[in-house]
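> Numbering-wise (the numbering used here), the first sequence opens with residue 27 and increments by one. Supplied in structure tokens, the structure appears directly below.
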Amino acid sequence: MDTKLYENWSEEEKEKRISNNFIRQIIIDDLKTNKWGGRVHTRFPPEPNGYLHIGHAKSICLNFGLALEFGGLCNLRFDDTNPTKEDEEYVKAIIEDVRWLGFDWEDRLYFASDYFEQLYDYAVQLIKKGKAYVCDLSQDEIRETRGTLTEPGIESPYRNRSVEENLDLFERMRKGEFPDGARTLRAKIDMASPNLNMRDPVIYRIKHASHHRTGNKWCIYPMYDFTHCLSDSIERITHSICTLEFEDHRPLYDWFLDELGVYHPQQIEFARLNLSYTVLSKRKLLELVKNGIVDGWDDPRMPTIHGLRRRGYTPEAIREFAEIIGVSKKESLVDIAVLEHCIRDDLNKRAQRAFCVLNPLKVVIDNYPDDLVEEIDALNNPEDLSMGTRKVPFSKVIYIERDDFMENPPPKYYRLAPGKEVRLRYAYYITCTDVVKDPNTGEIVELHCTYDPTTRGGQSADGRKVLGTIHWVSAKHCFEAELRLYDRLFLKENPNEVEEGKSWLDYVNPNSLVITKGLCEPFLRNAKPEEKFQFERLGYFCVDSKLSKPNVPIFNRTITLKDSWSKILKNLQNS
RNA sequence: AGGGAUGUAGCCAAGCGGUAAGGCAUCGGCCUUUGGAGCCGACAUUCGCAGGUUCGAAUCCUGCCAUCCCUGCCA
């Protein structure tokens with residue numbers, strides 16, 4: 027596992043990179059008071075009913091990160107108590123994602139369903155203690171008697187059945203004598219509690235459904251509240267970290283453990299992640315998939331781990347993101363620019379550079395020998411010289427970016443223009459001498475330039491300066507590849523805030539995917555799935571792992587480079 | 001007879017009775033063979049509001065306001 031990120035940090039680095047948060051502080055305090063005998067044991071407990079997204083990544087990094095930092099353990103546990111919603115497919119995908127993020131649960135992969143027998147025994151104990159009863163009320167009746175936010179509920183007529191009768195009925199529930207929904211097992215707590223969760227919550231329901239792990243062994247399944255605290259207890263979890271909406275469940279969590287007199291972890295709640303310009307609810311993500319708005323759970327526009335991975339995000343960037351956004355109890359909307367900053371920062375240091383021209387404009391270098399081909403040395407990564415250099419073929423006819431030429435340039439434009447000189451990155455200085463247009467449309471179809479042979483490599487002997495440096499590819503040597511330009515999925519900062527008469531789907535960005543082509547330098551032909559590059563001056567791109575074929579890479583744009591020129595242009599136009 | 005939580009800059013977020021960290025974004029400048037990266041600087045006289053305690057309050061107390069969560073046999 028890549029534990030380097032946390033374990034090999036110096037104290038100084040830790041100080042700088044690990045920001046404090048209230049959960050970390052609780053652990054530090056507990057360690058001081060020896061509350062758990064010096065142990066830190068967390069768990070990540072997903073329900074296998076969908077794909078993990080960046081919000082889960084926050085939780086994963088929190089739970090595993092805390093264990094790593096304090097020399098503790100973190101379990102991966104599937105909360106699989108509802109067979110009708112869950113599937114093995116999700117189990118596999120989740121395992122893959124957590125591992126890809128760089129975390130390791132060693133031999134501690136657990137399933138709540140592994141505890142069904144033990145959980146059943148606990149329920150029997152509760153019945154024997156007079157703290158649980160079999161209720162014959164229907165689902166509607168239970169709802170009707172629950173009361174409201176301001177009124178107490180009404181006690182079930184079955185609430186005071188004898189222990190013997192309850193034991194018998196519960197056993198017969200397990201044996202399958204009753205149809206779905208006929209009876210439930212309920213905790214006997216307080217129908218007048220201001221906390222609705224405490225109004226005799228259902229803890230077992232009858233579901234004649236096949237479970238992805240236990241098959242048809244069970245026809246009664248325990249509910250979340252009953253299962254979760256006891257699973258934590260069984261696994262000797264110290265800090266059970268969950269999201270804010272479970273705050274109201276904590277009294278129940280504590281109640282079960284106290285009534286049963288078993289090992290009692292501490293539940294701690296934090297605010298779930300919200301990210302601007304996207305949605306993070308399973309329901310909405312599923313809707314995007316079902317409506318064909320995206321191409322599947324792993325569509326590169328999706329905020330799922332699968333999607334981010336395919337888009338070109340790295341585990342390092344996601345972990346860094348999780349670290350810097352912090353953990354608190356305040357409901358917030360994190361600017362997606364933070365995530366984008368993390369991937370730029372990581373890829374800038376690590377991604378191999380390459381030349382690719384998106385909107386080509388042909389340039390003929392009139393004074394360059396017709397058949398000469400030179401091998402130009404180019405840095406693979408100016409940020410990391412150890413990545414070496416590569417040869418890029420150069421010849422008389424090249425393509426440059428259409429944006430890198432303007433016939434009537436505004437002030438401060440220091441790319442190519444008639445009579446102006448620019449540097450072709452790593453190659454030569456060229457000066458534009460002629461512009462060829464289509465006689466009918468007036469569109470610029472070709473440029474003629476001259477080059478200065480003494481500037482090879484991109485430096486002039488006389489020390490004259492050129493401000494502009496542009497990228498290029500040799501017409502004879504480049505190849506065309508499919509490029510998929512991705513942008514934010516939504517146009518609205520918070521798509522969950524829906525205006526009157528609209529739907530959140532109305533805010534989907536119709537241009538979140540633009541499929542186009544680009545002219546690539548030769549070595550890119552052999553790029554492998556998931557390989558990441560910086561196409562100089564354009565952005566970071568990643569070879570699509572699903573659509574690419576050997577020697578026919580398809581590149582996904584992960585994120586553009588920052589573009590301060592467009593800002594200058596905008597200001598120019600405004601003034 | 002409602003309950004539970006949360007309010008520190010545009011967005012996150014430290015802070016724990018001694019005089020407002022850090023990051024993102026933004027805006028300047030320097031530097032640059034990526035208008036990238038990097039570097040330097042600016043960016044809360046004030047912490048939801050109003051009172052109170054204190055030599056001293058974002059931190060303690062009281063009241064108010066705003067927002068979020070809770071009436072699944074989902075998790």
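We treat Cβ as the ideally placed atom computed from N, Cα and C, and that holds for glycine. Just so we're clear, the structure is a prediction, and the values are computed from it rather than from any experiment.
Compute the beta-carbon to beta-carbon distance between A507 and C546, rounded to the nearest angstrom, for a pair I have assumed lies under 8 angstroms.
5 angstroms
> Return helix, strand or coil for L92, following the three-state DSSP convention.
helix
> With distances taken between CB atoms, is the gap from L92 to I49 smaller than 8 angstroms?
yes
> What would DSSP say about K543, mapped onto helix, strand or coil?
strand
> Checking 8 angstroms against the spacing of the C-beta atoms, do L78 and I263 come in under that value?
no
> What are the boundary residues of the alpha helix (DSSP H) that H332 is part of?
331 to 337
> Mind checking whether F567 and N582 have CB atoms under 8 angstroms apart?
yes
> Using a Cβ-Cβ cutoff of less than 6 angstroms, which residues in the same chain neighbour Q485 once the five nearest sequence positions on both sides are dropped?
none
> Please identify the residue among P579, I426, L152 whose C-alpha is closest to the C-alpha of E602.
This structure cannot settle anything about residue 602, because the visible part of the chain is limited to 27 through 601.
> Leaving out five residues before and five after K308 in sequence, what residues of the same chain have Cβ atoms less than 7 angstroms from its Cβ?
G76
> Once the 5 residues before and after L595 are set aside, which same chain residues still bring their CB inside 7 angstroms of it?
none
> Taking only runs that begin and end inside the stretch 267 to 319, name each unbroken alpha helix (DSSP H) of 4 or more residues, in chain order.
276 to 286, 308 to 316
> Tell me the DSSP bridge mates of Y116?
Note: Y116 sits in no beta bridge, so no partner.
> How big is the Cα-Cα spacing for S592 and T586?
12 angstroms
> For N221, count neighbouring C-beta atoms within 10 Å of its own C-beta (all shown protein chains included) and say buried if the count is 16 or more, exposed if not.
exposed
> In the structure shown, what three-state DSSP assignment does K243 receive?
coil
> Assuming W498 and I426 make a contact with CB atoms under 8 angstroms, what is their CB distance in whole Å?
5 angstroms
> Starting from Y146, trace the alpha helix (DSSP H) in both directions and tell me its first and last residue.
142 to 154
> From which residue to which residue does the alpha helix (DSSP H) around S592 run?
From DSSP, the alpha helix (DSSP H) with S592 extends over 590 to 600.
> Would S257 and A138 qualify as a contact pair, given that the criterion is a beta-carbon distance under 8 angstroms?
yes
> My understanding is that L634 touches R298, with C-beta atoms under 8 angstroms, so please give their C-beta distance in whole angstroms.
No information on residue 634 is available, as it lies outside the stretch 27 to 601 that the chain covers here.
> Count the C-beta pairs between the stretch 401 to 412 and the stretch 357 to 368 that are closer than 8 angstroms, then say yes if the count reaches three, no if not.
no
> Tell me the rounded alpha-carbon separation between I260 and Y289.
Each residue's alpha carbon lies about 8 angstroms from the other.
> Applying the criterion that 16 or more other CB atoms from any shown protein chain within 10 Å of the CB defines a buried residue, is T107 buried or exposed?
Looking at its Cβ environment, which holds 16 or more other Cβ atoms inside 10 Å, T107 is buried.
> Rounded to the nearest angstrom, what separates W281 and D162 at their Cα positions?
23 angstroms
> Spell out a yes or no on whether the stretch 204 to 218 and the stretch 173 to 184 are touching, meaning 3 or more CB-CB pairs, one atom from each, closer than 8 angstroms.
yes
> Taking buried to mean at least 16 other C-beta atoms within 10 Å of its own C-beta, is V540 buried or exposed?
exposed
> What span of residues does the alpha helix (DSSP H) with P341 cover, start to end?
Its alpha helix (DSSP H) spans residues 341 to 351.
> Along the chain, where does the alpha helix (DSSP H) containing H254 start, and where does it finish?
250 to 260
> For T480 and A487, which I take to be in contact (beta-carbon distance under 8 angstroms), what is that distance rounded to the nearest angstrom?
5 angstroms
> Mark D284 as exposed unless 16 or more other C-beta atoms lie within 10 angstroms of its C-beta, in which case mark it buried.
exposed
> Between the stretch 517 to 529 and the stretch 458 to 469, do three or more beta carbon pairs fall short of 8 angstroms?
Fewer than three pairs of CB atoms, one per stretch, sit closer than 8 angstroms, so the stretch 517 to 529 makes no contact with the stretch 458 to 469.
> Going by alpha carbons, who is nearest to K154 out of A208, A213, D206, P329?
A213
> Please confirm whether L509 and K543 have their CB atoms less than 8 angstroms apart.
yes
> Can you tell me the Cα-Cα spacing of D274 and N192, whole angstroms?
28 angstroms
> Tell me the DSSP secondary structure of H234 in three-state form.
Reduced to three states, the DSSP call for H234 is coil.
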